[in-house]
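In our numbering, the protein residues as written are 161 to 293.
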């Protein structure tokens with residue numbers, strides 16, 4: 161047998177096997193979504209948090225305003241981060257001053273009782289002027 165003929169026969173057999181495997185895979189994917197839905201239902205029946213998170217993802221933009229969804233997200237975050245409970249969470253750190261050497265009279269946050277006006281332009285501190293003799 162000639163080498164070219166043997167290579168052609170091998171290529172034809174390879175293509176036939178590839179087409180057969182592809183046809184089998186395409187026909188078996190119809191059964192797979194049912195298996196996923198069954199698995200999702202079994203997880204939801206075991207974990208009420210999972211069903212609540214699924215409900216929250218289904219309600220769309222109303223989710224961030226729903227108190228049940230907010231609680232579910234907090235619990236999910238707590239589980240993911242491995243925290244024991246919310247009471248053992250570290251206390252919030254007080255904000256630091258960006259310019260500690262700046263006098264309190266020039267600091268807009270200290271001047272207005274702890275609240276800065278973020279819409280106003282930033283204050284510029286002018287250096288003291290030398291008086292003319």
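We put the beta carbon where it would ideally sit given N, CA and C, even for glycine. Since this is a predicted model, take the numbers as computed values, not measurements.
> Taking residue 235 as the reference, which of 209, 166 and 188 has the closest Cα?
Replying inline: Here residue 235 corresponds to residue number 75 of the chain shown, with the count starting at 1. With respect to the C-alpha of residue 235, the residue from 209, 166 and 188 having the closest C-alpha is 209.
>> Measuring only the C-alpha atoms, how far is residue 182 from residue 232?
In response: Sequence index remark: in the chain shown, residue 182 carries index 22 (1-based). Sequence index remark: in the chain shown, residue 232 carries index 72 (1-based). Whole-angstrom Cα-Cα distance: 42 Å.
> From residue 162 to residue 170, what distance separates their C-alpha atoms?
Replying inline: The residue labelled residue 162 in the question sits at position 2 within the chain shown. The residue labelled residue 170 in the question sits at position 10 within the chain shown. Straight-line spacing of the CA atoms in residue 162 and residue 170 works out to 13 Å.
> So what does DSSP say about residue 290, is it helix, strand or coil?
Replying inline: For the purposes of this step, residue 290 is identified with residue 130 of the chain shown, where counting begins at 1. Residue 290 falls in the coil class under three-state DSSP.
> How long is the line joining the alpha carbons of residue 218 and residue 207, rounded to whole angstroms?
Replying inline: Locating residue 218 in the chain shown gives position 58, where the first residue counts as 1. Locating residue 207 in the chain shown gives position 47, where the first residue counts as 1. Distance from the CA of residue 218 to the CA of residue 207, rounded to the nearest whole angstrom, comes to 17 Å.
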